[in-house]
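Chemist: Sharing a structure with you now.
In this note's numbering, the protein residues as written are 22 to 347.
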């Protein structure tokens, strides 16, 4: 379907037409009819691309593609907080800023609200990971640019920021990883796409709790679970839930997300190790080039000491300037 939205933006002023911005409940009914059986874990593998140090103008940066979701994170070294009336802080301050690219979404009227919500959740996820006691009265800024959103946006941003923090040299207690799982109509989705997430947020009709205890069989669970964990300490950095989940279902989704986090941790470790090897090879090449330059200068100095300055000057190469002779 097509939806025409009136946008009030300095960059995009006027009407924009985008495809598949809104789906009717009938579209979702057809989507679930295509699924084979209930209580099925729908976990389509997502292609993952992760790169550290993508920008040379900043200290720490990372770029991640999780399926069609594309996110870039930038971390600058901590800077001093100048506040005349502020008390002395016993821990550093961490601020996260999430921004959508102008072409990342078609519903620009909801962008400010979503940016504020994502910034708050990202800050809560990263605060337990960063060693904020090492930069007292300093502020650490983490900026995230959303290039494309196709589901699992917050978990992808958390993974990308974790790599950028290590690239910047910020002390952290552990590598942080995050993943998303959800359930709707007895179907469990791992790494849901934007369509499934839109289904959970906008179409929840008929899934409220029953009024009497005799109707417990009619309860249909629906909800989204985002887990950010630190595997070394077996701790959760953040847990966000929306919708209705029974304790048993909550435990199942938690186990699924923790398993994905462990796999993501292995991938992040490989990327960081490869980054260290690349930096080490680059340092060796620069060191070899500097050694060659030093050797050339040493040879020139030795020739000057042994032969003198006149021996190095070839008279045949000296020519008189015609304008000077006149």
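Where is the CB? At the ideal position from N, CA and C, for every residue including glycine. In this text, all values refer to a predicted model and were calculated from it rather than measured experimentally.
(1) Output the boundary residues of the alpha helix (DSSP H) element that contains residue 286.
(2) Report yes or no: do the segment 147-163 and the segment 114-123 share at least 3 C-beta pairs separated by less than 8 Å?
(3) How far does the beta strand (DSSP E) with residue 241 in it reach, from first residue to last?
(4) Taking the alpha-carbon positions, what's the residue 111 to residue 96 distance?
(5) Taking buried to mean at least 16 other C-beta atoms within 10 Å of its own C-beta, is residue 153 buried or exposed?
(6) In chain order, what residues of the same chain lie with their CB nearer than 8 Å to the CB of residue 246, ignoring the 5 residues before and after it?
(7) Would you list the residues sitting across from residue 114 in a DSSP beta bridge?
(8) Where residue 211 and residue 159 are concerned, what is the direct C-alpha to C-alpha distance, given to the nearest angstrom?
(9) Per the DSSP calculation, residue 72 is bridged to which residue(s)?
(10) Just verifying my parser: in three-state terms, what is the DSSP assignment at residue 140?
(11) According to DSSP, simplified to helix, strand and coil, what is residue 184?
(12) Per DSSP, what are the beta-bridge partners of residue 205 in this structure?
(13) According to DSSP, residue 175 sits in a beta bridge with which residue or residues?
(14) Do residue 195 and residue 131 have their C-beta atoms within less than 7 Å of each other?
(15) What residues are listed by DSSP as bridge partners for residue 94?
(16) Among residues of its own chain, excluding the 5 on either side of residue 189, which ones have a beta-carbon nearer than 7 Å to its beta-carbon?
(17) Contact defined as beta carbons within less than 8 Å: I believe residue 181 pairs with residue 83. What is the distance between those atoms, to the nearest angstrom?
(18) May I ask you to list the residues that DSSP assigns as paired with residue 120?
(19) Do residue 173 and residue 90 count as a contact pair if the criterion is CB distance below 7 Å?
(20) With DSSP run on the structure shown, which of helix, strand or coil describes residue 257?
(21) Which class does residue 199 belong to by DSSP, given the choice of helix, strand or coil?
(22) Three-state secondary structure (DSSP) at residue 217?
(23) Counting only the same chain and skipping the five closest in sequence on each side, list residues whose C-beta sits under 6 Å from that of residue 145.
(24) Who are residue 190's beta bridge partners in DSSP?
(25) Based on the DSSP secondary-structure assignment, which residues constitute the bridge partners of residue 101?
Modeler: Working from what's here:
(1) Where residue 286 is concerned, the enclosing alpha helix (DSSP H) starts and stops at 268-328.
(2) Result yes; three or more Cβ-Cβ pairs closer than 8 Å.
(3) No residue range can be given for residue 241, since it is assigned to no beta strand (DSSP E) and is classified by DSSP as neither H nor E.
(4) Distance between residue 111 and residue 96, taken at the CA atoms: about 22 Å.
(5) With 16 or more neighbouring CB atoms inside 10 Å of its own CB, residue 153 falls in the buried class.
(6) Within its own chain, the residues whose Cβ lies closer than 8 Å to the Cβ of residue 246, once the five positions on either side in sequence are excluded, are 201, 202, 203, 260, 261, 262, 266, 271, 274, 275 and 278, listed in chain order.
(7) Answer is 160.
(8) So the two alpha carbons sit approximately 38 Å from each other.
(9) DSSP links residue 72 through a beta bridge to 84.
(10) Look at residue 140 here: in three-state DSSP terms it is helix.
(11) Residue 184 falls in the helix class under three-state DSSP.
(12) Residue 205 pairs with 208 and 243.
(13) Paired residues: none, contrary to the question.
(14) Residue 195 places its beta carbon 7 Å or farther from that of residue 131.
(15) In DSSP, residue 94 forms a bridge with 83 and 165.
(16) Once the five neighbours on either side are set aside, the close Cβ partners of residue 189 are 80, 81, 96 and 98.
(17) Right, their Cβ atoms sit about 5 Å apart.
(18) When beta bridges are read from the DSSP output, residue 120 appears opposite 166.
(19) Yes, these two residues count as a Cβ contact at 7 Å.
(20) Note: residue 257 maps to strand in three-state DSSP.
(21) Note: residue 199 maps to strand in three-state DSSP.
(22) In the structure shown, residue 217 sits in a helix (DSSP, three-state: H, G or I).
(23) Cβ neighbours of residue 145 beyond the five flanking positions: 259.
(24) Bridge partners of residue 190: none, in fact.
(25) Residue 101 is bridged to 159.
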